[in-house]
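S.K.: In the working numbering, the protein residues as written are 63 to 246. Got a structure for you, written out below as structure tokens; questions coming shortly.
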């Protein structure tokens, strides 16, 4: 395969996605582009808001999930987001990092999995290799370096358990604000 098809064409698709489609088009057009050219799987009634940055072709978003503005989705390694998930503004989800002990500054590639009914607060950082269990809550600004148990509420840097969430979760998330606002 030529360098153009294997490297430059995908880079162009993500550049167009992140700088044009993610900032200037309505949901249907934005989601169509992400599905068709960036190979992002987006479930029924899920929304990826304006201003998000998407990279990598290993992103799977379930049904009725909301990814709010300015979220970084790193799909260079599998990133799986369940159903009825709410990811708040400015969240960073990383699947790739560097090994500080490697003499060649080699990379560490670790998948991230986010279970159903998870709520991630604004400006949280989800590190490579983390699994966030069903119904868990990640507090705003938390740095999640380890797995989060189902229905746990975590906060802080590094994130620590501060409580437990009810297991009676029946809601379906559906959030499609107009343009770059919070008005539905």
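Positions of the beta carbon are idealized from the N, C-alpha and C atoms, including for glycine.
Can you give me the C-alpha to C-alpha distance between residue 183 and residue 74, rounded to a whole angstrom?
M.R.: Roughly 31 angstroms separates the two Cα atoms.
S.K.: Who pairs with residue 175 in a beta bridge, going by DSSP?
M.R.: DSSP output for residue 175 lists 142 and 193 as bridge partner(s).
S.K.: Based on the DSSP output, what are the partners of residue 160 in its beta bridges?
M.R.: BP columns for residue 160 point to 169.
S.K.: Can you tell me which of 233, 169 and 212 puts its alpha carbon nearest to the alpha carbon of residue 225?
M.R.: When each option's Cα is compared against that of residue 225, the closest is 212.
S.K.: Can the beta-carbon of residue 174 be found less than 8 angstroms from the beta-carbon of residue 155?
M.R.: Yes, the Cβ-Cβ distance between residue 174 and residue 155 is below 8 angstroms.
S.K.: In whole angstroms, what is the alpha-carbon distance linking residue 195 and residue 177?
M.R.: Residue 195 and residue 177: Cα-Cα distance of roughly 5 angstroms.
S.K.: Determine whether the Cβ of residue 137 lies closer than 8 angstroms to any Cβ atom of chain D.
M.R.: In the displayed structure, chain D is absent; only one protein chain is listed.
S.K.: Would you identify the three-state DSSP class for residue 82, choosing helix, strand or coil?
M.R.: In this structure, residue 82 counts as helix in the three-state DSSP scheme.
S.K.: May I ask you to list the residues that DSSP assigns as paired with residue 200?
M.R.: The partner list for residue 200 (beta bridge, DSSP) reads 182 and 216.
S.K.: Give me the Cα-Cα distance between residue 107 and residue 123, rounded to the nearest whole angstrom.
M.R.: Between residue 107 and residue 123, the C-alpha separation is close to 10 angstroms.
S.K.: Would DSSP call residue 49 helix, strand or coil?
M.R.: The shown model of the chain, from 63 to 246, leaves out residue 49, and the question about it has no answer.
S.K.: Rounded to a whole number of angstroms, what is the C-alpha to C-alpha distance between residue 235 and residue 127?
M.R.: Going from the Cα of residue 235 to the Cα of residue 127 covers about 6 angstroms.
S.K.: May I ask you to report which of helix, strand or coil DSSP gives residue 208?
M.R.: Reduced to three states, the DSSP call for residue 208 is coil.
S.K.: Is the distance from the Cβ of residue 205 to the Cβ of residue 190 below 8 angstroms?
M.R.: No, the pair does not count as a contact, with Cβ atoms beyond the cut-off.
S.K.: Consult DSSP for residue 76 and reduce its assignment to one of helix, strand or coil.
M.R.: Correct three-state label for residue 76: helix.
S.K.: The beta strand (DSSP E) spanning residue 135 covers which residue range?
M.R.: Counting along the chain, the beta strand (DSSP E) containing residue 135 begins and ends at 134–136.
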